[in-house]
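>
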Amino acid sequence: MSELKRWREVASHCERIAASNVKFDGCFVGDLSSKNPFPGVSVAQHLRADYFGNTTEDELKGAKMTLDRKCAGEALLRLPNAMMPYYFRSLRLNERYHVAEACMRKLEKHIHERTRATGNPELVHSQFKWVAAERQKLQLTSAEREAGDNMFANGEYEKAAVKYSQVLLIDSDGIQNCAGGRLHAILHCNRAACLMQLKRYRDGIKECTAALRIYPRYLKALSRRARCNSRLEQNREAERDFKHWLEIVKTSRNSKSHIHLGDCIFDDPHTKSAKEIEDIESELKDLLEAKARAEEEDRARKSRNDYQEQSKKYHSERFRYSSSEDANRRRENFYSSQNSSRRWDSFNDRTNRSRQGKKSPHKKSPNKSKRDEYGYKSQNNVQSNDHYSVLGINRKASAEEIKKAYKKMALKYHPDKNKDDPSSAENFHRVKDAYDILKDPGERRIYDSKMRRRAY
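Numbered according to my numbering, the sequence shown spans residues 25 to 480.
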């Protein structure tokens, strides 16, 4: 049972007991006066036994479910002493302040009359020792609540939130969230409004949740929690609250019978205007559009991350040099790119020609060839191992330039046009291999990286 329902049931139960006890008024005369369960209580003038109707159906058709100030004062005196403080507290927690004030005056008058009639004030006051504390709580609750509302109206949101917290602590003996009732649900929702103005949306969500724990159909708390979630870009939670709000209102509007539940129930769905419903639907639509955009961005980001991970994995597998197999492959590639057939690890045909004054076979010729921007010599013939030289283009050539150069060289060395030249087929294959590497951006980057390492 929710806190709101619990305290509403307390008030309703107490008032029913009092109304049912009215039928005994005036029935005790003579020697039966000692059996009167309400000694010193005058006959009820306003409260009647049929005040709430005869059946439950009468209530559903609109019979009053709460007592007014005059009847509530007479009802309080017809309750057992143990139930009086609970009834009085339930009136205050349901914000029936005027009724509670009337009951307090009626009870204080009764205490004064009983004290004068019995001549034993200690006995009477021991039975009603809770009255002073409840009187103080009533005055403090009303005053502090009004002060908090004024602070909120003046834009003092932080002070208003503190004031509402003080009202919440009146019934908790220093422990928050232990009382409940309509009063505490509204106070939590008011604190959420203050925190939203202070941009403290996470704290606002907690306050709205506390209000909904007391009254699950509290529409204002639902809409405020949805807006807090929306500000934090928690779109799924905000969507759930907006849809729940619309579901409650539309279900109540489509219901054929309107049940009158009295003053204990607040924020009735039937009181919501068409403009309020339209505003909530508009907010929900904007939220769903923002949610769709966010999901699209997440998918794009995930796709980019996957591509980067695959690229890193590809390069790490392509250029790992830890195994001996990779080392052998690099060594063979190095020798195949050299003009000389002499291997550094070959000891065949070793001579002391350098000591006999002969020229080194690797001595550079006087005509030094220029080096390109990567630091190695450029070769401008088809027999070169450099793909750029094979196509006769610069290393910074664009994709369009590479394509044009390939078409030109392919026409030049095509075997059908060079039937008399036996090397045309080999040259044509070299041109095609060079184009296959350079036309692909990824393969071209890998090739350029390999050539730079070879040069240095």
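For every residue, glycine included, the Cβ atom is placed at its ideal position computed from N, Cα and C.
Taking the C-alpha atoms as reference points, what is the distance between P465 and A217?
Reading the sequence shown from its first residue, position 441 is the one you call residue 465. Reading the sequence shown from its first residue, position 193 is the one you call residue 217. Looking at the two C-alpha atoms, the distance is approximately 57 Å.
> Select from E271, S254, N278, E321 the residue whose C-alpha is nearest the C-alpha of E307.
Within the sequence shown, numbered from 1, the residue matching residue 307 stands at position 283. The candidate whose alpha carbon is nearest that of E307 is S254.
> Quick check on this structure: which residue in C232, T139, A96, N144 has the alpha carbon closest to the alpha carbon of K121?
Locating residue 121 in the sequence shown gives position 97, counting from the first residue. Reading the sequence as shown, one finds Tyr at residue 121 and not Lys. Ranking the options by Cα distance to Y121, first place goes to A96.
> Just tell me which of A209, N451, E180 has its CA closest to the CA of D291.
Here residue 291 refers to the residue found at position 267 when the sequence shown is read from its first residue. Closest by alpha carbon: A209.
> Look up M128 in the DSSP assignment and say whether it is helix, strand or coil.
Here the question's residue 128 lines up with position 104 in the sequence shown. Residue state, collapsed to three classes: helix.
> Taking just the CA atoms, how far does D330 sit from L207?
As a first step, residue 207 is located in the sequence shown; it is residue number 183 there, counting from the start. As a first step, residue 330 is located in the sequence shown; it is residue number 306 there, counting from the start. Their Cα atoms are separated by approximately 54 Å.
> In whole angstroms, what separates the C-alpha of Y412 from that of P439?
Here residue 412 refers to the residue found at position 388 when the sequence shown is read from its first residue. Here residue 439 refers to the residue found at position 415 when the sequence shown is read from its first residue. Straight-line Cα distance between these residues: approximately 21 Å.
> Starting from G97, trace the alpha helix (DSSP H) both ways and give me its first and last residue.
In the sequence shown, the residue the question calls residue 97 occupies position 73. Looking at the DSSP string, the run of the alpha helix (DSSP H) that includes G97 is 93-100.
> Does R374 pass the burial test, meaning 16 or more other C-beta atoms within 10 Å, or should it be called exposed?
Here residue 374 refers to the residue found at position 350 when the sequence shown is read from its first residue. Residue confidence for R374 is low, a pLDDT of 47 falling below 50, so the modelled location carries little weight; the figure read from the coordinates is stated next. R374 comes out exposed.
> Three or more C-beta pairs closer than 8 Å, one from the region 229-242 and one from the region 313-323: is that the case here?
No, because fewer than three Cβ pairs between the region 229-242 and the region 313-323 fall closer than 8 Å, the two stretches do not touch.
> Within this structure, are the beta carbons of D227 and R249 separated by less than 8 Å?
Along the sequence shown, read from residue 1 onward, the residue named residue 227 stands at position 203. Along the sequence shown, read from residue 1 onward, the residue named residue 249 stands at position 225. No. Outside cutoff.
> Kindly provide the ranges of any beta strand (DSSP E) runs that are 3 or more residues long and lie completely inside the region 181-236, ordered along the chain.
The qualifying runs do not exist here; there are none.
> Below 8 Å, can you find three or more Cβ-Cβ pairs linking the region 409-424 to the region 450-470?
Flag = yes, the region 409-424 and the region 450-470 touch.
> When the Cα atoms are used, what is the spatial distance from K309 to E261?
To locate residue 309, count along the sequence shown from 1; it is residue 285. To locate residue 261, count along the sequence shown from 1; it is residue 237. Distance between the alpha carbons of K309 and E261 is about 14 Å.
> Taking C-beta to C-beta, are L219 and A245 nearer than 8 Å?
Position 195 of the sequence shown holds residue 219. Position 221 of the sequence shown holds residue 245. Contact flag unset, no.
> Cα separation between H453 and D445?
The residue labelled residue 453 in the question sits at position 429 within the sequence shown. The residue labelled residue 445 in the question sits at position 421 within the sequence shown. So the alpha carbons of these two residues sit roughly 14 Å apart.
> Mark T165 as exposed unless 16 or more other C-beta atoms lie within 10 angstroms of its C-beta, in which case mark it buried.
The sequence position of residue 165 within the sequence shown is 141, counting from 1. Result: buried.
> How many angstroms separate the CA atom of S66 from the CA atom of R215?
Stepping through the sequence shown from its first residue, residue 66 is reached at position 42. Stepping through the sequence shown from its first residue, residue 215 is reached at position 191. The alpha-carbon atoms of S66 and R215 are separated by roughly 44 Å.
> Am I right that E98 and A141 are in contact with their C-beta atoms under 8 Å? What's the rounded C-beta distance?
Within the sequence shown, numbered from 1, the residue matching residue 98 stands at position 74. Within the sequence shown, numbered from 1, the residue matching residue 141 stands at position 117. Contact flag wrong, Cβ pair sits at about 19 Å.
> Going by CA-CA distance only, name the one from L270, K326, L312, A316 that's closest to K299.
Position 275 of the sequence shown, counting from 1, holds the residue named residue 299. Comparing Cα positions, the closest option is L270.
> In this structure, how does DSSP classify M107 when only helix, strand and coil are distinguished?
Start at 1 with the first residue of the sequence shown, and residue 107 comes out as number 83. Coil, per DSSP.
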